[in-house]
Amino acid sequence: MSSNSWADVSESERAPSGGWGYSRPSRTNYVPPHLRSRTPSSEFAAPSPGNDRGGYGGPHSGYGGRGQGYAGRGGGGYSGRGGGGGGWNNRSGGWDRRDTETNPFGNDGNADPAVTEQENTVINFEAYEDIPIETSGDNVPPPVNTFAEIDLGEALNLNIQRCKYVKPTPVQRNAIPILAAGRDLMACAQTGSGKTAAFCFPIISGIMKDQNIERPRGVRGVYPFAVILSPTRELACQIHDEARKFSYQTGVKVVVAYGGTPVNQQIRELERGVDILVATPGRLNDLLERGRVSLQMVRFLALDEADRMLDMGFEPQIRKIVQQMDMPPPGARQTMLFSATFPREIQRLASDFLSNYIFLAVGRVGSSTD
1 MSSNSWADVS ESERAPSGGW GYSRPSRTNY VPPHLRSRTP SSEFAAPSPG NDRGGYGGPH
61 SGYGGRGQGY AGRGGGGYSG RGGGGGGWNN RSGGWDRRDT ETNPFGNDGN ADPAVTEQEN
121 TVINFEAYED IPIETSGDNV PPPVNTFAEI DLGEALNLNI QRCKYVKPTP VQRNAIPILA
181 AGRDLMACAQ TGSGKTAAFC FPIISGIMKD QNIERPRGVR GVYPFAVILS PTRELACQIH
241 DEARKFSYQT GVKVVVAYGG TPVNQQIREL ERGVDILVAT PGRLNDLLER GRVSLQMVRF
301 LALDEADRML DMGFEPQIRK IVQQMDMPPP GARQTMLFSA TFPREIQRLA SDFLSNYIFL
361 AVGRVGSSTD
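If you read the sequence shown in full-length UniProt numbering, its first letter stands for residue 1, the second for the next number, and so on.
Following this line, the structure appears as structure tokens:
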């Protein structure tokens with residue numbers, strides 16, 4: 001029995017009992033001219049209109065398909081819209097956590113903006129120009145009058161707008177340029193003066209600019225890039241909430257850890273990823289001793305309300321965290337220390353933790369009830 005050509009096969013398929021019975025009888029298959037003299041085989045199966053899973057134009061795969069490939073809608077590929085595939089722009093994989101991030105501003109990032117620190121304090125910021133500012137150190141960067149004067153990154157600038165931050169507070173005007181320049185800082189400023197944004201903006205911006213740093217793999221602990229220490233659970237949660245707003249849609253993950261709650265729940269949250277760890281000294285020491293956190297990749301260290309932490313007896317724990325674990329030494333990390341007062345103990349702490357630092361003192365401003 002002689003073999004049929006591809007063209008013969010195509011003609012025979014018009015009959016209901018044609019040789020390639022899986023094709024639709026009412027339609028013929030197009031056979032490219034250069035294949036019409038070839039003998040049909042399993043290697044070159046005749047394409048069928050009913051076969052919708054292969055080829056370049058099938059609705060489930062291929063370069064133009066709807067399911068996978070470079071423009072696929074359901075699976076992987078560089079522009080896949082659904083599914084569990086990889087790729088830079090897919091919804092579930094890769095380093096980009098922004099698509100699944102909870103919006104800290106509510107359902108609409110531009111609606112119901114958060115109350116700014118300027119609006120949520122009893123400090124009278126109308127007296128900006130009358131506030132005494134003292135700085136000392138080598139090559140102090142000049143203050144700024146607007147956030148736009150500093151290159152913080154587009155995503156962070158958008159969050160600043162969402163928060164309705166218009167004019168920097170005195171501590172922000174002076175501290176942000178210093179920290180953005182990579183300098184260590186010892187700042188004396190009262191509670192409610194805008195300190196949280198003053199150290200969060202440069203930290204988030206610094207991490208955004210270098211997000212491709214490889215962290216160790218195959219280990220149990222996590223490796224944050226920044227650690228923010230605060231004396232109380234309430235303050236840690238407040239910093240965490242503000243930092244989440246500032247870091248929204250930046251790819252920077254902020255996690256909080258504090259005592260008084262089960263540690264296992266916080267460990268699970270850490271294992272989901274952490275770039276900035278806000279913690280109380282006691283809980284951070286616990287996590288370090290358990291081997292759940294490593295400080296060897298810390299690039300930014302912030303101590304908020306350092307005088308309160310010393311008053312509460314945390315100095316031994318703080319020194320253990322900073323000096324006795326695997327945190328990089330002064331000079332290899334950027335350190336910022338904020339305190340409402342500047343007693344001798346704080347001066348000693350600054351000299352031990354900071355390197356070639358700038359001292360900033362922001363005078364007290366009368367409250368609106370004065």
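We put the beta carbon where it would ideally sit given N, CA and C, even for glycine.
Cα-Cα separation, residue i to residue j
i	j	result
Ile-276	Ile-267	14 Å
Phe-314	Leu-270	23 Å
Phe-246	Asn-159	6 Å
Ala-350	Val-263	30 Å
Asn-120	Gln-161	Low per-residue confidence applies at Asn-120: pLDDT is 41, beneath 50, and the placement is therefore not dependable, though the value from the model is reported in the following sentence. Each residue's Cα considered, the two are about 16 Å apart.
Met-325	Asn-157	35 Å
Gly-57	Ile-207	Low confidence applies to Gly-57: its pLDDT is 42, below 50, so where it sits in the model is not reliable, and the reading given next is rough at best. Using only the alpha carbons, I get a separation of about 42 Å.
Arg-183	Asn-356	8 Å
Pro-232	Leu-179	The question names Pro, yet the displayed sequence has Thr at residue 232. Answer to the nearest angstrom: the Cα atoms are 24 Å apart.
Ser-205	Met-312	32 Å
Gly-273	Thr-146	33 Å
Lys-211	Asn-139	Checking the sequence, you will find Gln at residue 211 rather than Lys. Gln-211 and Asn-139: Cα-Cα distance of roughly 28 Å.
Lys-261	Asp-130	Here residue 261 turns out to be Thr, not Lys, going by the sequence shown. For Thr-261 and Asp-130, the distance between alpha carbons rounds to 44 Å.
Leu-310	Gly-259	17 Å
Val-219	Ile-213	16 Å
Sequence-distant residues of its chain with Cβ nearer than 7 Å to residue i (five each side left out)
i	result
Gly-194	Glu-117, Thr-169, Val-171 and Gln-172
Asp-370	Caution is warranted here: a pLDDT of 33 is assigned to Asp-370, below 50, making its placement in the model unreliable, and no coordinate value can be reported.
Val-115	Confidence at Val-115 is low in this model, with a pLDDT of 41, below 50, so its placement is unreliable and no value can be given for it.
Phe-353	Val-322, Pro-330, Thr-335 and Leu-337
Ile-150	Val-144, Ile-176, Pro-177 and Ala-180
Arg-217	none
Glu-11	For Glu-11, the predicted structure reports a pLDDT of 44, less than 50, and the residue's modelled location is therefore unreliable. A value from the coordinates is still provided. Nothing listed; no residue qualifies.
Own chain residues within Cβ distance below 8 Å of residue i, not counting five before or after
i	result
Lys-320	Asn-285
Glu-101	Tyr-248 and Gln-249
Leu-360	Ile-133, Glu-134, Thr-135, Val-171, Asn-174, Ala-175, Ile-178, Leu-185, Met-186, Ala-187, Cys-188 and Ala-189
Pro-143	Ile-133, Arg-173, Asn-174 and Pro-177
Gln-296	Tyr-223, Asp-326, Met-327 and Pro-328
Ala-148	Asn-157
Test item: CB-CB of residue i and residue j under 9 Å
i	j	result
Gly-363	Gln-317	no
Gln-265	Thr-196	no
Val-252	Met-327	no
Leu-301	Gln-334	yes
Pro-141	Ala-181	yes
Ala-340	Thr-280	no
Asp-304	Ser-230	yes
Lys-209	Gly-137	no
Gly-221	Val-166	no
Phe-200	Glu-234	A small fix is needed here, since residue 200 is Cys in this sequence, not Phe. For Cys-200 and Glu-234, no; Cβs fall outside 9 Å.
Sequence-distant residues of its chain with Cβ nearer than 6 Å to residue i (five each side left out)
i	result
Pro-343	none
Arg-244	Pro-104 and Val-254
Ala-155	Gln-249 and Thr-250
Arg-215	Tyr-223
Gln-278	Here residue 278 turns out to be Val, not Gln, going by the sequence shown. Taken in chain order, the residues that qualify are Ile-228, Ala-236, Ile-239, His-240 and Val-256.
Ile-358	Gly-137, Val-140, Ile-178, Arg-183 and Leu-185
Ile-203	Ala-226 and Phe-300
Glu-345	Leu-310
Distance between beta carbons of residue j and residue i, contact taken as under 8 Å
i	j	result
Arg-299	Phe-225	5 Å
Leu-287	Ala-257	6 Å
Residue i Cβ short of 8 Å to the ligand ZN heavy atom set
i	result
Leu-301	The model on display carries no ligand, and the ligand ZN is accordingly not part of it.
Identify every run of the alpha helix (DSSP H) within the stretch 217-277, keeping only runs that are complete inside it and at least 4 residues long; order them along the chain.
If we require 4 residues or more, the alpha helix (DSSP H) runs fully inside the stretch 217-277 come out as 233-246 and 263-271.
Counting only runs of 3+ residues fully inside the stretch 185-212, write out the beta strand (DSSP E) ranges in chain order.
Those beta strand (DSSP E) runs which fall completely within the stretch 185-212 and span 3+ residues are 185-188.
Unbroken alpha helix (DSSP H) runs of length 4 or more, entirely within the stretch 275-345: which are they?
Positions of the alpha helix (DSSP H) runs, each at least 4 residues long and wholly inside the stretch 275-345, are given as 281-289, 306-311 and 315-319 in order along the chain.
Give, in chain order, every unbroken run of the beta strand (DSSP E) that is at least 3 residues long and sits entirely within the stretch 160-188.
Entirely contained in the stretch 160-188, the beta strand (DSSP E) runs reaching 3 residues are, in chain order, 185-188.
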